[in-house]
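Undergrad: Sharing a structure, written as structure tokens. Questions coming.
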DNA sequence: CATGTTTATGTCAAAATGACCTTAAGTCGA
DNA sequence: TCGACTTAAGGTCATTTTGACATAAACATG
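Residue numbers (my numbering), protein chains in the order written: chain A, 481 to 713; chain B, 481 to 713.
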């Protein structure tokens, strides 16, 4: 059956919460939205996305959306869900099925990202009313992120190549919304074998210099089963 | 972008493994496949599916596929994945994006199901080479099922309205492929609060009559987050 | 009424978790 | 230079959860 097919992406990154009085290092989840410049929902904020190219895979389309919107490459990308209820584009509008991906980009890179004219970053838990069913989609993506953080090492997707255990813990805390015991966190991460000690330390801090770790790439970021990276590209 | 959109369903049920010498009660995972009667892949076995109706939701389409193939209503239905790599239908064939669902049907009902001419049930781990990328899809669905069984109460989707703890445990064992300690299983299930004692017992067995339980519907079968049953229908 | 069979409950050691304490290693200011 | 300060790193211990196994309870059958 012919139906209009679109691919959208929920792009998550961390940045300072920004509220006065808050700890400078306290971070929260942000995502970029684009302002629609045509009907329906003209003027409203929406998830970045676009049509699926002729010879383009689904994940490929999501990646190129991400590049166009933020100029960034994702540190993690996974399909979220396909939305296709007949009413989602409005009453008598054309029926659109959206395959939605979600992505993580590193905090540092996101800070340096060039941002387009009609693009703005929003705190994920303080969104305005979005176009279409995009509020539901973001809620679901957030739920998936918070779930996945508990049983995978996905949080490192917010960080750079190397990072300290404190940075990793702060990413976990930002996603989960609660503090974690640093000692117990260290114990669990070390036991999982997910990290590799680089042998280097982070200098320039006014206290004991923390070790720098790298992600152990022999273990998958997030278990995706038979759908290894190459299956969908 | 216009693209052909199809909805397929991986339908799982339990039934006796059927190998001689095996314990009569040992069950394994089976699924129905349909024989293709047109190109491409004419004559090969494939997942049941079809095009998406004009005013039909995605899950709706999956349900109707299931009804057409087996005449059954699913005890559980969840979206699996959207497959859309350009090469998946073959070289110069038309590009098809498939939204795939997976479903559980009760063992008893499946036994009574009318089965069409070109439909046959296969053991999930002894499949022939299927049409398109359907082997990959089934593998992924199996992986998801086995994963989900560990952290949700989804296995009851294979059972009827009421069941004994032994029946529930056997469903778990069939999916996980390993035996579970009956005593520890009981302790965990009871602690989870997922079951409600019906007050009845199963009679007619030549040993201590087991209690019959019902699923506690105030707890979700499988946590799906903000995508409650009603979101996609 | 003894036997067989499975349900239902209990025990205990090992492993994992959560709360908290101590020491290490740097910067910074006096 | 030295003490204060701050965070890293590692350790202790009580509690909870898990896995392995033992015992009692309740029926059908002969």
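Don't be surprised by glycine CBs; every beta carbon is placed ideally from N, CA and C.
Looking at the C-beta of residue 532 of chain A, does it have a partner C-beta in chain B at a distance below 9 Å?
TA: As a first step, residue 532 of chain A is located in the first chain; it is residue number 52 there, counting from the start. Yes, because at least one Cβ of chain B sits closer than 9 Å to the Cβ of residue 532 of chain A.
Undergrad: Spatial neighbours of residue 490 of chain B within its chain, please: CB distance less than 8 Å, with the 5 preceding and 5 following residues excluded, ordered by chain position.
TA: Start at 1 with the first residue of the second chain, and residue 490 of chain B comes out as number 10. If we look at residue 490 of chain B and ignore the five residues flanking it on each side, its Cβ neighbours are 511, 527, 560, 580, 581, 582, 583, 617, 618 and 621.
Undergrad: Have a look at residue 635 of chain A and residue 632 of chain B and give me their C-alpha separation to the nearest angstrom.
TA: Position 155 of the first chain, counted from the first residue, corresponds to residue 635 of chain A. Position 152 of the second chain, counted from the first residue, corresponds to residue 632 of chain B. If you take the alpha carbons of residue 635 of chain A and residue 632 of chain B, they lie about 23 Å apart.
Undergrad: Report the three-state DSSP secondary structure of residue 683 of chain B (helix, strand or coil).
TA: Numbered from its first residue, the second chain carries residue 683 of chain B at position 203. The answer is coil: DSSP assigns residue 683 of chain B none of H, G, I, E or B.
Undergrad: With DSSP run on the structure shown, which of helix, strand or coil describes residue 587 of chain A?
TA: What you label residue 587 of chain A is simply residue 107 of the first chain in a count that begins at 1. Three-state DSSP puts residue 587 of chain A in a helix.
Undergrad: Could you tell me if residue 592 of chain B is buried or exposed, where buried requires 16 or more neighbouring beta carbons within 10 angstroms of its beta carbon?
TA: On the second chain, residue 592 of chain B is found 112 positions in, with the first residue counted as 1. Under this definition residue 592 of chain B is an exposed residue.
Undergrad: With a cut-off of 9 Å, does the C-beta of residue 705 of chain B fall near any C-beta of chain A?
TA: Numbered from its first residue, the second chain carries residue 705 of chain B at position 225. Closer than 9 Å to some Cβ of chain A, the Cβ of residue 705 of chain B qualifies, so yes.
Undergrad: If you follow the beta strand (DSSP E) that residue 674 of chain B is in, where does it begin and where does it stop?
TA: The residue you call residue 674 of chain B lines up with position 194 of the second chain. First-last for residue 674 of chain B: undefined, no H or E at that position.
Undergrad: So if I threshold CB-CB distances at 8 Å, which residues from the segment 553-569 of chain A count as touching chain B?
TA: Hits within the stretch, in order: 559, 561, 562, 563, 564, 565 and 566.
Undergrad: Counting only the same chain and skipping the five closest in sequence on each side, list residues whose C-beta sits under 8 Å from that of residue 516 of chain A.
TA: By 1-based counting over the first chain, the position of residue 516 of chain A is 36. Hits under 8 Å: 522, 523, 524, 525, 526 and 611.
Undergrad: Between the alpha carbons of residue 702 of chain A and residue 628 of chain A, how many angstroms are there, rounded?
TA: In the first chain, residue 702 of chain A corresponds to position 222, counting from 1. In the first chain, residue 628 of chain A corresponds to position 148, counting from 1. For residue 702 of chain A and residue 628 of chain A, the distance between alpha carbons rounds to 8 Å.
Undergrad: Taking the beta carbon of residue 657 of chain B as the centre, do at least 16 other beta carbons fall within 10 Å, making it buried, or is it exposed?
TA: In the second chain, residue 657 of chain B corresponds to position 177, counting from 1. By the 10 Å Cβ count, residue 657 of chain B comes out exposed.
Undergrad: Could you compute how far the alpha carbon of residue 520 of chain B sits from the alpha carbon of residue 679 of chain A?
TA: Taking the second chain and counting its residues from 1, the one referred to as residue 520 of chain B is at position 40. Taking the first chain and counting its residues from 1, the one referred to as residue 679 of chain A is at position 199. Looking at the two C-alpha atoms, the distance is approximately 56 Å.
Undergrad: Is residue 694 of chain A helix, strand or coil by DSSP?
TA: On the first chain, position 214 is the one that residue 694 of chain A refers to. Three-state result, residue 694 of chain A: strand.
Undergrad: Would you mind reading off the limits of the alpha helix (DSSP H) that contains residue 597 of chain B?
TA: The residue you call residue 597 of chain B lines up with position 117 of the second chain. It is not in any alpha helix (DSSP H) - residue 597 of chain B carries neither H nor E in the DSSP assignment.
Undergrad: Can you list, in chain order, the residues of its chain whose CB lies under 6 Å from that of residue 601 of chain A, leaving out five sequence neighbours each side?
TA: Taking the first chain and counting its residues from 1, the one referred to as residue 601 of chain A is at position 121. If we look at residue 601 of chain A and ignore the five residues flanking it on each side, its Cβ neighbours are 510 and 512.
Undergrad: Output yes or no for whether 9 Å exceeds the beta carbon distance between residue 699 of chain A and residue 692 of chain A.
TA: Stepping through the first chain from its first residue, residue 699 of chain A is reached at position 219. Stepping through the first chain from its first residue, residue 692 of chain A is reached at position 212. Cβ distance not < 9 Å, so residue 699 of chain A and residue 692 of chain A don't count as in contact.
Undergrad: Is the Cβ of residue 598 of chain B closer than 9 Å to any Cβ of chain A?
TA: Taking the second chain and counting its residues from 1, one reaches residue 598 of chain B at position 118. Cβ-Cβ to chain A under 9 Å: no for residue 598 of chain B.
Undergrad: Let me make sure I understand the geometry here. Which of B:535, B:651, B:514 and B:694 has the alpha-carbon closest to that of residue 529 of chain B?
TA: Start at 1 with the first residue of the second chain, and residue 529 of chain B comes out as number 49. It is B:514 whose Cα lies nearest to the Cα of residue 529 of chain B.
Undergrad: Quick check on DSSP: helix, strand or coil for residue 531 of chain A?
TA: The sequence position of residue 531 of chain A within the first chain is 51, counting from 1. Three-state result, residue 531 of chain A: strand.
Undergrad: Sort out for me which residues DSSP pairs residue 511 of chain A with in a bridge.
TA: Reading the first chain from its first residue, position 31 is the one you call residue 511 of chain A. Answer is A:602, bridged to residue 511 of chain A.
Undergrad: Would you verify that the beta carbon of residue 676 of chain B is, or is not, closer than 9 Å to some beta carbon of chain A?
TA: Stepping through the second chain from its first residue, residue 676 of chain B is reached at position 196. So no, residue 676 of chain B is outside the interface.
Undergrad: Suppose the cutoff is 7 Å on Cβ atoms and the five residues either side in sequence are ignored; what does the same chain contact list for residue 713 of chain B look like?
TA: By one-based count along the second chain, residue 713 of chain B stands at place 233. Any answer about residue 713 of chain B is weak, because its pLDDT of 38 lies below 50 and its placement is not dependable; what the coordinates show is given next. Cβ within range, chain order: 537, 539 and 540.
Undergrad: Can you tell me where the alpha helix (DSSP H) with residue 647 of chain A in it begins and where it stops?
TA: Mapped onto the first chain, residue 647 of chain A falls at position 167. First-last of the alpha helix (DSSP H) with residue 647 of chain A: 645-656.
Undergrad: Applying the criterion that 16 or more other CB atoms from any shown protein chain within 10 Å of the CB defines a buried residue, is residue 689 of chain A buried or exposed?
TA: Sequence index remark: in the first chain, residue 689 of chain A carries index 209 (1-based). Counting Cβ neighbours within 10 Å, residue 689 of chain A comes out exposed, since fewer than 16 surround it.
Undergrad: Are any of the Cβ atoms in chain A nearer than 9 Å to that of residue 658 of chain B?
TA: The sequence position of residue 658 of chain B within the second chain is 178, counting from 1. Not one chain A Cβ lies under 9 Å of residue 658 of chain B.
Undergrad: When you compare the CB positions of residue 585 of chain A and residue 531 of chain A, do they come within less than 9 Å of one another, or not?
TA: Stepping through the first chain from its first residue, residue 585 of chain A is reached at position 105. Stepping through the first chain from its first residue, residue 531 of chain A is reached at position 51. Cβ distance not < 9 Å, so residue 585 of chain A and residue 531 of chain A don't count as in contact.
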